[in-house]
Amino acid sequence: MRACPINCIAVKQQFRTCSRITNDVNQMSRSYPCLSILPGMLPNYDPNDNEAGMKILEDLTENVYQIQQGVLEEIITRNAHTEYLKGFLNGQSDKDLFKKKVPVVNYEDIKPYIERIANGDSSNIISADPITELLTSSGTSGGQPKMMPSTAEDLHRKTFFYNLLVPVMNKYVDGLDDGKGMYLLFVKPEIKAPSGLMARPVLTSYYKSSNFRNRPFNRFNVYTSPDETILCSDSKQSMYCQLLCGLVQRTEVLRVGAVFASAFLRAIKFLEDYWKELCSNIRTGHVSDWITDPSCRKVVPLILSKPNWELANLIEHECSNKSWEGIIKKLWPRTKYIEVIVTGSMAQYISTLEFYSGGLPLVSTMYASSECYFGINFKPLSKPSDVSYTLVPNMAYFELIPVKKDHEDATQDVQCNGICEENCMEEETGKEDIETVDLVDVKLGHYYELVVTTFTGLYRYRVGDILMVTGFHNNAPQFRFVHRRNVVLSIDTDKTNEEDLLKAVTKAKLLLESLGFLLIEYTSYADTFSIPGHYVLFWELTNKGRNDLPELDSKIMEQCCSTVEESLDSVYRRCRRKDNSIGPLEIRVVKHGTFNALMDFCISQGSSVNQYKTPRCIKSAEAINILDSRVVGRFFSQNAPCWEPV
Ligand code: AMP
């Protein structure tokens, strides 16, 4: 027998047995006894035991190959008789056959199955385990959020994942047990699908679960936000109450955060708008009357239990300072770090966060999605630009499609946008040719697109994220998040691609064409200096038959802004209308010849004249300056676009 790579007895005790252990897994267990009950199952250990948590992480990352094989085996054995897999495998559960016969798919390919389930068909068409809810993703299809299947077991998988973040953090930051975390978390609207299944964002699903309520330490009040304030469906009341509770407990707070950087900055902006009222509540010991949510009214007074003049004066003193530089450190003086995701599209918020944070580390702990939770940052205190995520091998079966950088576009991008990784091209063209590699076979420095086979009914599903291999933790590759396929603009959870932007602009420009104006060029950028951030479009217009540009009617231009917003997808419209996490869209009209100047700039920076294409999104400050210095009119949308839950 081969030497067992991990401490079998200790680990074995930590895993609960499962009735569905397959032959192959048993076979594997003869080689590595401690892994026999690992694949597809979740270690049942005490999440308060840091050492046990670290040990599990070591084991998982040591045994990536075996775990991945076991996960695949378990998924296809469980689901061999689903309509979906039967169509390709004819009831067989052979791993090689799976990779030969089951296609790598996009959402559009599986949408009919998801819609059937949403409309009441049995969920065993894709999953032997009953689908218990549909998770609405921030990616959209036909303007509506994509819906990802989820199961009861998956909630435990997520909980297991969250619990593993704790020992990693404790390894790098001492004394976190001596105080509280102020995490500003929110639920979003949900709907019931015709089948009766709830359709809601993944975090809303998690926060509403008993797994969240019973999360480690919750009963010891180690978080400043009572669950009731997080679960309040009115986002304004929720934010107000959470900030109030966080301020009252300010001296106990050791860490602050939100899921994404954009949400944390929104909280700072909210504080800017409401600090006087918050101080007045603290001074009187009474919560404002407009907080009408019954659960909030019940729990917040338990924290704001009496008038506190001294605290109100202190907060007032800090907040009335003209500059809010370092405000986090001033209001929550014991804070050791800010936990917010600042990788991917959230990187645009780093400088603003640094301004408010007073030099606190920005910690991106995890990489996850509605489809599946993927990876953990094993070095949480590393600089945002150095953050890598280690994929956790028992979350799903991971495959990776090699992608190469398109050098021509990449050059243009580096020069015009300053971010070289933005342009990765898929190597494959036809769907049939898509080649994937296993997680253990990725190469250092190479780029890949992530594909997952989950325990919840997704098979060889393209997530749409491009990742780069930066190293290995034991045998587990670590990835830097490079970008999401096709996304040009993103402020919060919205993800607008070039095609959506083009469609929206095409619709809006019709309003001008009837007046004799033509849109000859456009580009865009996400302005994140204002809070909330907003989309800015630069438009170069011409008047048919004339070279000068007569005065533009601001009403019509504002209508153009609104039309673009109405034409963007439902996640954008929700963020803009319901969450207020995106500000009014702006069109900046630039003078004649501006886009020639932009082209000259890009070429001077190394872009090829022959292959120059106007970038549809600009990131480089220099390029934005070129456009901004030629602006002749600025117009903002005056109405938030319509939005209804799906
Ligand atoms: P959703 O399914 O709406 O939760 O969105 C998931 C997507 O958000 C992922 O596929 C990524 O594109 C992005 N995302 C999630 N976590 C991170 C992260 N830590 N860094 C960068 N992007 C992320």
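Read in order, the letters of the sequence shown are residues -18 to 627 in the numbering used here. Don't be surprised by glycine CBs; every beta carbon is placed ideally from N, CA and C.
- Boundaries of the beta strand (DSSP E) around Val432: Tyr428 to Thr434.
- The beta carbon of Asp446 sits closer than 7 Å to at least one heavy atom of the ligand AMP.
- In the structure shown, Val280 falls within a helical segment according to DSSP collapsed to helix, strand and coil.
- In the three-state DSSP reduction, Trp271 falls in the coil class, being neither helix nor strand.
- Taking C-beta atoms as the reference points, Arg181 and Glu114 count as a pair closer than 8 Å.
- Of the candidates Trp313, Lys161, Ser548 and Ser214, the residue whose Cα lies closest to the Cα of Ser186 is Ser214.
- Taken atom to atom, the span from the alpha-carbon of Asn25 to that of Phe141 is near 8 Å.
- Near the ligand AMP, meaning a Cβ closer than 5 Å to any of its heavy atoms, lie the following residues in chain order: Ser118, Ser119, Ile322, Thr324, Gly325, Tyr348, Ser350, Ser351, Asp446, Phe462 and Arg465.
- When only Cα atoms are considered, Trp271 and Thr42 end up about 50 Å apart.
- DSSP places Trp305 in no beta strand (DSSP E); its state is neither H nor E.
- If one requires a minimum length of 4 residues, the alpha helix (DSSP H) runs lying completely within the stretch 60 to 148 are 64 to 70, 76 to 82 and 88 to 99, in chain order.
- Residue environment for Gly438: buried (at least 16 other C-beta atoms within 10 angstroms of its C-beta).
- The beta carbon of Leu482 is closer than 7 Å to those of Val469, Leu470, Ser505 and Arg597 in its chain, skipping five residues each way along the sequence.
- Sequence-distant Cβ neighbours of Thr451 in its own chain, meaning closer than 6 Å and more than five residues away, are Ser369, Gln459 and Arg461.
- Within the same chain, and ignoring the five residues on either side of Leu224 in sequence, the residues whose Cβ sits closer than 8 Å to its Cβ are Leu165, Ala248, Phe251, Leu252, Tyr255 and Leu259.
- Closest in C-alpha terms to Glu291, from the list Ile263, Ser119 and Lys92, comes Ile263.
- Contact annotation: Val552 and Thr474 have beta-carbon atoms nearer than 8 Å.
- Under the DSSP assignment, Lys250 falls in the alpha helix (DSSP H) whose first and last residues are Ala242 to Thr265.
- Within the stretch 602 to 626, the complete beta strand (DSSP E) runs of at least 3 residues fall at 612 to 617.
- Around the beta carbon of Glu567, 16 or more other beta carbons sit within 10 angstroms, so the residue counts as buried.
- In the DSSP assignment, Leu499 falls within the beta strand (DSSP E) that extends over Phe498 to Asp508.
- According to the DSSP assignment, Asp581 belongs to the alpha helix (DSSP H) that extends over Thr575 to Ser585.
- Counting of Cβ neighbours within 10 angstroms places Asp135 among the buried residues, the total reaching 16 or more.
- In the DSSP assignment, Val545 falls within the alpha helix (DSSP H) that extends over Ser535 to Ser548.
- Residue pairing from DSSP places Ala349 in a beta bridge opposite Tyr354.
- For Ile568, the three-state secondary structure derived from DSSP is strand.
- A straight line joining the alpha-carbon of Ser588 with that of Asn467 spans about 20 Å.
- Residue pairing for Pro458: DSSP places it in a beta bridge opposite Phe453.
- DSSP, read as helix, strand or coil, puts Tyr440 in coil.
- Out of Thr435, Asp414 and Phe379, the CA that lies nearest to the CA of Leu66 is found in Thr435.
- Comparing alpha carbon positions, the residue from Leu381, Trp520, Leu184 and Val384 closest to Glu171 is Leu184.
- Within the same chain, Ala33 come within 7 Å of Asp27 by CB-CB distance, once the 5 residues on both sides are set aside.
- Excluding sequence positions up to five before and after Leu533, its CB lies within less than 7 Å of the CB of Val570 and Gly614, all in the same chain and listed in chain order.
- Membership of Tyr516 in the beta strand (DSSP E) is indicated by the continuous run His515 to Asn524.
- Straight-line measurement puts the Cα of Leu283 at about 17 Å from the Cα of Thr232.
- Partner residues in the beta bridge of Ala180, as assigned by DSSP, are Leu115 and Ile172.
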